[in-house]
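Novice:
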Amino acid sequence: MLRSKSFVKRTKKGNVVRVVKEHYLRDDIWCSCTGCQVCKHEQPILSLSPQLNPLFERQHYIVPDTNILMNQMDIIEHALFYDVIVLQTVLEELRNLSLPVYNRLRAIINDTNRRFYVFSNEHNRDTYVERIKDESPNDRNDRAIRVATKWYDDHLKKLEIKSGISVVLLSDDAANRAKAKEEGLLTCSVREYIEALDKPELLDMIAQSETTAAQVGVDKKLQHEEYITSLQISSGVKAGTLHQGTLNISLHNYLEGSIYATVEGEEREIMILGRTHLNRAVHGDSIAVKLLPKSEWKKSSQPSAAVIDEDDEKNIEEEGETSEESKGEEASKPEAESNERAQPTGKVVGIIRRNWRPYCGFIEKKSVRIANNSTTPQNVLFVPIDQRIPKIKIRTRQAHSLLGQRIIVSIDSWAKDTTYPAGHFIKALGEAGDRATETEVLLLEHDVPHHEFSQQVLSDLPAEGTEWVASDQEIARRTDLRHLNICSIDPPGCTDIDDALHVRTLPNGNYEVGVHIADVTHFVKNGTAMDNEAASRGTTVYLVDRRIDMLPPLLGTNLCSLRSNVDRLAFSCIWELNENAEIQDVHFTKSIIASKASLTYDEAQLRIDDERMQDDLTKGIRVLNNLAKKLRQSRVNQGALTLASPEVRFNLENDSQDPVDVELKELKDTNALVEEFMLLANISVAKKIFSHFPDSSMLRRHPTPPETKFEQLTKAIEVLGFKLNIESSKALADSLDKAVIPDDPYFNKLLRIMTTRCMMQAVYFSSGTVPQQEFVHYGLATPIYTHFTSPIRRYADVMVHRLLSACIGVEGSYSSELTDKDKMSKISDVLNRRHRMAQHAARSSVELYTNLFFRGKLVQEEGYVTRVLKNGFIVLVPRYGIESIVHANPSDSKETPYFTYNTTTDSLEANDSSVNIKLFSKVTVQLTVDEDLVGGGAGGMRQKLRMDLVEPHVPGLSVAKQDMTRVVKGKSLDKEEEQVVKRVKKTTQAIN
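Printed below as a string of structure tokens:
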């Protein structure tokens, strides 16, 4: 049956055209019910033993409406729900409302055990409904849902089943339910359905309606401003009176946020200070901001933040303008120094898009009021692990059983007259402090996909257990390099070896140098389930105790790992270099190689240093090392920066995997050897793919940092007699080289660490979306760059391999997405986010193991001040690569502060001594883990490393200096105990 409708529309050129849309209606769309003799389909999805609920007499299939799926997905994802009919109307409406929720539903639909069936009611002749006059689109869709439910109910009566099967429409819309009942349909709300099942723990998972949520924690004294409408936001942004951006909340002060926007023709950071001005916006939300008068802008001499934590609150009851509010606004009060460059400040006036997600955290113990073991519903406060997120008020029947647990909670709404947003419980993860639980938390918090690879993904691989061998046809189409002295150099324990090197002398005296990269795209074909999974994961994530692979282990650690003495497929970049390491020629080829050795950095270094070793492989490594040094010097001459980060390595006990020692990573010449040739390969490949795909190449750029990023650092080192020249990367590199204090060898590395933090984030991008002059990689001082050398662990490299294959014509044809700059740009955006989240997860893993390592220990070590705040300062301890806050003033405002912040020198001056704390000050601090916080005491359950000042001594603040370097539970830790590491496994955590 064909239905058609026509309408007119105006084109971009102003022409009016008639558009005719044809809609085909069918009478052969299956119901997918097992045993249906009318449809007679071959693989039905819905079973003959569906749901049973005391509310209804018979077993039934569930038909949820759009609002149920949109707002109650946490319940729908529960295994309790199966044999569910998802209508096409609902699915399409959900996709338009929220793509993330739509994807969650799609994941359930793909799970064959859940038996979710998509019924195409919009194409069924009996269930399609036309929109009638004066009917809203929402009312039409509700009617279409009821019509489809009625059709199913009538259709199921034709099944010859003794007990019969019915259909229940699940809806939280009272009006929709009333109409359904009038039409003779079975219907109920999600709360009614769950209550009838007598599963109180599931009741906690029901999202509260906006009306119900608004009643939680109402404070008559607190009235946030109403948000302006979307139309007002759009008009304001267009007129330049409003600014839009993504809210970023300070890690040290949950009442201080910011966005980046163009102010007075310049990209500036707009500060949003205090609870009132934040106006219920949550970290990550896309917001509309109105600038405050210039008289209220923040002066540059003010500290960037005061340390404020929600755990400092005196009362958990909603109090409107709390003590934190006054603290936050006091910390940001402008000073009348008109000659200073002021930083713009603003207030949130509207929300463009909420970016709420499920949050991990714990129930605040002191918010639980009702007696122990009671299952009476009560309102409690949930404290997110992410301190940038506000506390969330939830209603639960499990308060006491959830104490001491890590749980997941979602925000439902935030009314204008409530201190905290309202939300609902999703699930418990496990006991706080447990290593497995805490690792699960950090993976969830940073949105790291860590589920097992599905059977569909694994089916794209060769059968496991069989020895894979390249076919004769595959070898014939490749360059055979198995005769070369190729070797790999990697960290100890590395199993995903994705790069190898070779060098040989040419007859003309030049050198042939090859970088050989695992040919991952031979196995990961475009558009396959494995390719889609790799694209979604984006990168391999390295934690202290494990690795979350981007590709299945069979591929990453076997078929694509360039292990020694086995044939492997590779993508080779081969140069001809002269004695000065200058490129004379370069070509790229798909190859087959057989590595002669898989060396660690230490093993390769020993070969270089041991003059007695004169075999061809060792001689080749020495040649590579000499060429690498020349390449490095050439990069430095061009302005490449040598930066630093406090990377650490944990030594883990074999059985328990508990950390027993921690040390800074040591870099050797061989690290630099590999790095130089990988950089050279990436640059060469970038030039090649850009020459063939100028509009759609996947490149990587490192933007030039603005001068404002260096203001505080430049001011701090001028006091020490150094000048930081940031006119170019070359000038910056030279000034960093000159900033040396002979008596303090760590100072230069610390300065490089601080400089790194002033840099912009390097990002992937599609070449057609950015002007060519902005391709530059500032840190490497190269005009063009990409990632080619790690396709096992980075999806960006997979895309670059496909681009390079197309360039050299080895595949014959290639996907159209390689020439689509918009698609490449979208892929780049996803990869940038995944890469950023992987870095954050890695750092959180280091933080977790740091807390585990210091639990029960009391350590005093030297450190350096890396940031000065109004009421504290941050110290980096080089020995452990640990950074934390020293609270320099009491949290109780009634007590006399120990320090006063000096706006001129950006320092803290002790009130009753000559002690002055400023950037780069050397201090001694005491490190320990706050047991109260770990154990779920009154302070909450965030695992925190506590750092106290030892020296310089400030009366009342500094703790006593210990005679021994370390104390563990009151006794000295001897050398033997420190070196339990001799029988432990080493796991290196590298954070770039």
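One point on numbering: in full-length UniProt numbering, the residue at position 47 of the sequence shown is 47, and numbering is uninterrupted. C-beta: ideal position from N, C-alpha, C; glycine also.
(1) Between which two residues does the beta strand (DSSP E) holding P384 run?
(2) May I ask which residues mark the beginning and end of the beta strand (DSSP E) holding D948?
(3) Could you give the DSSP three-state label for E93: helix, strand or coil?
(4) So, with DSSP's three-state summary, where would you put A731?
(5) How would you call E707, buried or exposed, if buried means at least 16 neighbouring beta carbons within 10 angstroms?
(6) Name the residue from V380, E811, H60, T903 whose alpha carbon lies nearest to the alpha carbon of N916.
(7) Find out if the Cβ-Cβ distance for the pair K590, R482 is shorter than 8 Å.
(8) Return helix, strand or coil for M205, following the three-state DSSP convention.
(9) Evaluate contact between the stretch 579 to 589 and the stretch 600 to 609, counting only Cβ atoms and requiring at least three cross-stretch pairs below 8 Å.
(10) Quick check on V674: does DSSP put it in helix, strand or coil?
(11) Alpha carbon to alpha carbon, how far is R388 from G284?
(12) What are the start and end residues of the alpha helix (DSSP H) that includes residue 999?
(13) Rounded to whole angstroms, how far is the Cβ of T905 from the Cβ of K922, which I believe are closer than 8 Å?
(14) Identify, in the order they occur along the chain, each residue of the same chain with its Cβ nearer than 8 Å to the Cβ of F765, setting aside the five sequence neighbours on each side.
(15) Any chance you could list the alpha helix (DSSP H) runs of at least 4 consecutive residues sitting entirely within the stretch 824 to 864, in chain order?
(16) Starting from the C-beta of V101, find all residues in its chain whose C-beta is less than 8 Å away, skip the five residues before and the five after it, and write them out in chain order.
(17) Helix, strand or coil: how does DSSP classify T439 here?
(18) First and last residue of the alpha helix (DSSP H) that includes V457?
(19) Run the CB neighbour count on V719, radius 10 Å, all protein chains shown included, and call it buried at 16 or more, exposed below.
(20) Taking all protein chains shown into account, do 16 or more other C-beta atoms lie within 10 angstroms of the C-beta of R353, making it buried, or fewer, making it exposed?
(21) I'd like the ranges of any alpha helix (DSSP H) spanning at least 4 consecutive residues and lying wholly in the stretch 865 to 939.
(22) Return yes when the Cβ of V129 is within less than 8 Å of the Cβ of V147, no when it is not.
(23) In whole angstroms, what is the alpha-carbon distance linking A781 and Q638?
(24) To the nearest angstrom, how far is it from the Cα of V469 to the Cα of N103?
(25) Looking at the strands, I want to know which residues DSSP matches up with L87.
(26) By the three-class DSSP mapping on this structure, what secondary structure does G423 have?
(27) Please state whether DSSP places Y24 in a helix, a strand or coil.
(28) Within 10 angstroms of the Cβ of D496, are there 16 or more other Cβ atoms? Answer buried if so, exposed if not.
(29) Can you say whether R395 is buried or exposed, counting buried as having 16 or more other CB atoms within 10 angstroms of its CB?
(30) Three-state secondary structure (DSSP) at T618?
(31) Classify F81 as helix, strand or coil using the three-state DSSP reduction.
(32) Helix, strand or coil: which one does DSSP assign to E576?
(33) I need the DSSP call for R635, collapsed to helix, strand or coil.
(34) Per the DSSP calculation, D126 is bridged to which residue(s)?
(35) Give the straight-line distance between the Cα atoms of P492 and L506, rounded to the nearest whole angstrom.
(36) Quick one: residues in its chain with C-beta nearer than 6 Å to the C-beta of A207, no 5 flanking neighbours on either side, listed in chain order?
Specialist: Judging by the given coordinates:
(1) Residue numbering aside, residue 384 sits at position 384 when the sequence shown is read from its first letter. DSSP places P384 in the uninterrupted beta strand (DSSP E) bounded by 378 to 384.
(2) In the sequence shown, residue 948 corresponds to position 948, counting from 1. Unbroken beta strand (DSSP E) run through D948: 945 to 951.
(3) Against the sequence shown, residue 93 aligns to sequence position 93. In the three-state reduction of the DSSP assignment, E93 falls in the helix class, which pools H, G and I.
(4) Residue 731 sits at position 731 when you count from the first residue of the sequence shown. DSSP places A731 in helix when its eight states are reduced to three.
(5) Counted from its first residue, the sequence shown places residue 707 at position 707. Exposed, by the Cβ-count rule.
(6) Along the sequence shown, one-based indexing puts residue 916 at 916. Of the listed residues, the one whose Cα sits closest to N916 is T903.
(7) The residue labelled residue 590 in the question sits at position 590 within the sequence shown. The residue labelled residue 482 in the question sits at position 482 within the sequence shown. Taking a C-beta distance under 8 Å as the contact criterion, K590 and R482 do not qualify as a contact pair.
(8) For this step, residue 205 is matched to residue 205 along the sequence shown. Reduced to three states, the DSSP call for M205 is coil.
(9) The stretch 579 to 589 makes no contact with the stretch 600 to 609: fewer than 3 CB pairs, one atom from each, lie closer than 8 Å.
(10) The residue labelled residue 674 in the question sits at position 674 within the sequence shown. The three-state reading of DSSP puts V674 in helix, counting H, G and I together.
(11) Along the sequence shown, one-based indexing puts residue 388 at 388. Along the sequence shown, one-based indexing puts residue 284 at 284. Spanning the two alpha carbons is a distance of roughly 10 Å.
(12) Outside the shown range of the chain (1 to 992) lies residue 999, about which nothing can therefore be said.
(13) For the purposes of this step, residue 905 is taken as the residue at position 905 of the sequence shown. For the purposes of this step, residue 922 is taken as the residue at position 922 of the sequence shown. No, T905 and K922 are not in contact; Cβ-Cβ is about 17 Å, not under 8 Å.
(14) As a working note, residue 765 is residue 765 in the sequence shown. Only M698, L699, R700, R701, S825, S828 meet the Cβ criterion.
(15) Runs found: none.
(16) Position 101 of the sequence shown, counted from the first residue, corresponds to residue 101. So the qualifying residues of the chain are L69, M70, M73, L94.
(17) Looking up residue 439 in the sequence shown gives position 439. T439 falls in the helix class under three-state DSSP.
(18) Numbered from 1 along the sequence shown, position 457 holds the residue referred to as residue 457. In the DSSP annotation of this structure, the continuous segment of the alpha helix (DSSP H) that includes V457 starts and ends at 455 to 458.
(19) Taking the first residue of the sequence shown as position 1, residue 719 is located at position 719. Its Cβ having fewer than 16 others within 10 Å, V719 is exposed.
(20) If you number the sequence shown from 1, residue 353 lands on position 353. Exposed: under 16 other Cβ atoms inside 10 Å.
(21) Taken in chain order, the complete alpha helix (DSSP H) segments of 4 or more residues contained in the stretch 865 to 939 are 931 to 935.
(22) Counted from its first residue, the sequence shown places residue 147 at position 147. Counted from its first residue, the sequence shown places residue 129 at position 129. Their beta carbons are under 8 Å apart, which means V147 touches V129 by this criterion.
(23) Along the sequence shown, one-based indexing puts residue 781 at 781. Along the sequence shown, one-based indexing puts residue 638 at 638. Counting only the Cα atoms, Q638 lies some 6 Å from A781.
(24) Counting from 1 along the sequence shown, the entry for residue 469 is found at position 469. Counting from 1 along the sequence shown, the entry for residue 103 is found at position 103. CA-to-CA, the gap between V469 and N103 works out to about 38 Å.
(25) Here residue 87 refers to the residue found at position 87 when the sequence shown is read from its first residue. Looking at the DSSP assignment, L87 forms a beta bridge with F119.
(26) Against the sequence shown, residue 423 aligns to sequence position 423. Secondary structure at G423: strand, using DSSP grouped into helix, strand and coil.
(27) For the purposes of this step, residue 24 is taken as residue 24 along the sequence shown, with counting starting at 1. Strand.
(28) On the sequence shown, residue 496 is found 496 positions in, with the first residue counted as 1. Buried is the label assigned to D496, since at least 16 other Cβ atoms lie within 10 Å of its Cβ.
(29) The count along the sequence shown starts at 1 and reaches residue 395 at position 395. Buried, since its Cβ has 16 or more Cβ neighbours within 10 Å.
(30) Here residue 618 refers to the residue found at position 618 when the sequence shown is read from its first residue. If DSSP states are grouped into helix, strand and coil, T618 belongs with the helices.
(31) The residue labelled residue 81 in the question sits at position 81 within the sequence shown. Residue state, collapsed to three classes: coil.
(32) Within the sequence shown, residue 576 is the residue found at index 576, counting from 1. The answer is strand: DSSP assigns E576 an E or B state.
(33) Taking the sequence shown and counting its residues from 1, one reaches residue 635 at position 635. It is helical.
(34) Translated into the one-based positions of the sequence shown, residue 126 becomes position 126. The partner list for D126 (beta bridge, DSSP) is empty, contrary to what the question assumes.
(35) Against the sequence shown, residue 492 aligns to sequence position 492. Against the sequence shown, residue 506 aligns to sequence position 506. So the two alpha carbons sit approximately 33 Å from each other.
(36) As a working mapping, residue 207 is identified with position 207 in the sequence shown. If we look at A207 and ignore the five residues flanking it on each side, its Cβ neighbours are N71, Q72, D412, H424.
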